[in-house]
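Residue numbers (the numbering used here): 1 to 446.
By construction, the Cβ of each residue, glycine as well, lies at the ideal position given by its N, Cα and C atoms.
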Amino acid sequence: MSPPSSESFATQPAVVPERRTSDAVVVVHRSGPLRGEVVVPGAKNSVLKLMAATILADGEYRLRNVPDIADVRIMAELLGAIGITTTAAADVHDGELTLVNRGDLVPVAPYELVERIRASINVLGPLLGRVGRVRLSLPGGDDFGSRPIDMHLSGLEAMGAEITLEHGDVVATAERLHGADITFEFPSVGATENILTAAVHAKGTTVIDNAAREPEISDLCRMLISMGADIEGVGTSRLVVHGVEPGSLHATDHVTVPDRIQAATYVAAAAVTGGELFLRGARAEHMEMLLRRFGDMGLQIVPQHDGLTVFAPERLRSIDVATLPYPGIATDYKPLVVTMLAVGDGVGIVTENLYPGRFRYVEELCRLGADIRTDGHHAVVRGRPSLSGAPVRAPDIRAGAALVVAGLVADGTTTISEVHHIDRGYDDLVGRLAAVGAPIERRPPR
Ligand code: UD1
């Protein structure tokens, strides 16, 4: 099949959303021990993919435990441009989001929306599998180094897609994808999700070896299965997808898995303040390796049937940590771990194995008095008893939250700006911390 001309893509109404640049700041003072309960919201890295999966079948979907975060609104705008409507103004009401797919889809993901979140790439697989053609701008997202999508594209090509790059867009076509044996050289989260969602409608069986195993991928598999997809090996590194006939999937209701990264953020907040928190909804089995290492730092973590309780020691012990794909320690936890080590007793070495550029926030932590040296993939963190408040900027979602946590253990006042980064992935971080005793507030733009 020859590559499509731009005319084969109907143009959708121009959607030029206002960029949510918030000039609000978060002001944090040194905190005593945090005590109480925090309800852990649904996972950003799951819900965005669940939303994209609604492309696959017509009908009304109800997603529950949806976090009220900016990225959900951006994904809703992107899906709106494709032809899927969400509840009024894409607002999340009581953690619930309704999406309606009426089948008249425009398989174009425009730059203005795609450049704002990495997860926009997740519309590629479902659109190609359902509509047979896609034009998608190359994605953006957090600014932590180059993030190619070669594995997404070669996997789709192995399934029969024709792919070209035109003027910054990926243009993919396939009359009907066919099953294929795909072995990833690295267990990419996004590539696993795109191949999965493309494979559910493919002719024949697709085997994904060295698939990513993150809990968010199992969550997506569960939703796809409840829509009628035939997937074996959920939660393992070998996913087997038997394609179903186009048109045979249906809409569903689904509860989003709790956010292990937000949960870890509250563990870190308890840890640096010497506190004691119950994290309702947190799933210890999704954070096993991290919690084991937190135990090595002196935290006592008690899993409960509906969450977990964290008891922090007076001072954390330093440890060495390396990031790895799941079930290893996620790279998204790293700014939190570095912050905890910054006030630990001893020296910790942190090794980043996924994104070499992901130490940019260290400069901000050093402004708060942390003693951290970075060299390539490594950071050497010499613990100090406390930090010293200062104005800092949130460089990305997780690092922004880590700076908030650092502020809890910094003398004086820490003012975090560029909080729109934090808003992308945290559902009321400030309110949740304040409710358990943190002296923290969000100040609106002046
Ligand atoms: C997802 C998460 C992100 C998390 C990451 C790793 C979302 C929206 N984002 O990102 O928060 O940090 O998993 O846990 O869920 N790579 C390639 N070629 C590819 C695909 C990936 O070289 O085709 C590289 C990336 O550049 C990166 C590494 O593989 O160095 C990990 O990427 P991947 O697992 O795909 O992460 P994302 O899905 O982008």
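- In this structure the segment 350-362 does not touch the segment 300-312; the number of beta carbon pairs closer than 8 Å is below three.
- Closest in C-alpha terms to Val272, from the list Pro148, Met223, Val131, Asp411, comes Asp411.
- The Cβ neighbour count for Arg176, taken over all protein chains shown within 10 Å, is under 16; the residue is labelled exposed.
- Comparing alpha-carbon positions, the option among Ala401, Gly328, Asp428, Gly376 lying closest to Ser417 turns out to be Ala401.
- Annotated as distal: Val257 and Ala52, with beta-carbon spacing of 8 Å or more.
- Across the set Glu216, Asp253, Ala81, Pro107, the C-alpha of Glu216 shows the shortest separation from the C-alpha of His286.
- For Ala330, the shortest separation between its Cβ and any heavy atom of the ligand UD1 lies below 7 Å.
- Between Asp259 and Val40, the C-beta gap is smaller than 8 Å, which places the two residues in contact.
- Put simply, of Leu324, Ala270, Arg446, Ile372 the residue whose alpha carbon is nearest the alpha carbon of Ala435 is Ala270.
- Counting only runs of 3 or more residues that sit fully inside the segment 264-344, the beta strand (DSSP E) segments are 276-280, 300-304, 307-311, in chain order.
- One thing to note: Leu299 has its Cβ no nearer than 8 Å to the Cβ of Thr339.
- Take Leu408, set aside five residues on each side of it, and the residues of its chain with a beta-carbon closer than 8 Å to its own are Val28, Arg30, Ser31, Leu34, Ala269, Val272, Thr273, Leu433, Ala438, Ile440, in chain order.
- As DSSP reads the structure, Lys203 sits in a beta bridge with His178.
- Excluding its 5 nearest sequence neighbours in each direction, Ala282 has C-beta neighbours in its own chain below 7 Å: Val40, Pro258, Ala263, Gly307, Leu308, listed in chain order.
- Assigned with DSSP and collapsed to three states, His152 falls in helix.
- The three-state secondary structure of Tyr111, taken from DSSP, is helix.
- In the structure shown, Thr252 falls within a coil segment according to DSSP collapsed to helix, strand and coil.
- The three-state secondary structure of Leu63, taken from DSSP, is strand.
- The DSSP assignment places 391-393, 413-417 as complete runs of the beta strand (DSSP E) inside the segment 387-431, in order along the chain (cut-off: 3 residues).
- In the pairwise beta carbon analysis, the segment 110-130 is classified as touching the segment 186-197: at least three pairs are separated by under 8 Å.
- Shown here, Thr173 sits in a strand according to DSSP, grouped into three states.
- Annotated as proximal: Leu387 and Ala370, with beta-carbon spacing under 8 Å.
- The beta carbon of Phe186 sits closer than 8 Å to those of Met151, Asn210, Pro325, all from its chain and outside the five residues before and after it, given in chain order.
- Beta-bridge partners of Thr164 (DSSP): Val171.
- Boundaries for Asn210: no beta strand (DSSP E) harbours it, and the DSSP string shows neither H nor E there.
- In this structure, Val419 lies away from His378, with their beta-carbon atoms at least 8 Å apart.
- Nearest in C-alpha terms to Thr205, of all of Val171, Val241, Ala229, Cys221, is Val241.
- With fewer than 16 other beta carbons inside 10 angstroms of its own, Thr236 counts as exposed.
- Cβ-Cβ distances below 6 Å link Asp253 to Arg62 in the same chain, with the five nearest sequence neighbours on each side left out; the list follows chain order.
- With respect to Arg373, Val392 sits apart: the two C-beta atoms are not nearer than 8 Å.
- Between Ile74 and Asp427, the CB-CB gap reaches or exceeds 8 Å.
- Leaving aside the five residues that flank Leu239 on each side, the residues in its chain whose CB is nearer than 6 Å to its CB run, in chain order, Ile208, Ala211, Gly233.
- Cβ contact annotation for Gly168 (same chain, cutoff 8 Å, sequence separation greater than five): Tyr111, Ser137, Leu138, in chain order.
- Between Leu316 and Gly275, the CB-CB gap reaches or exceeds 8 Å.
- In the DSSP assignment, Gly348 falls within the unbroken beta strand (DSSP E) covering 347-351.
- Pro395 and Glu363 have their alpha carbons spaced roughly 10 Å apart.
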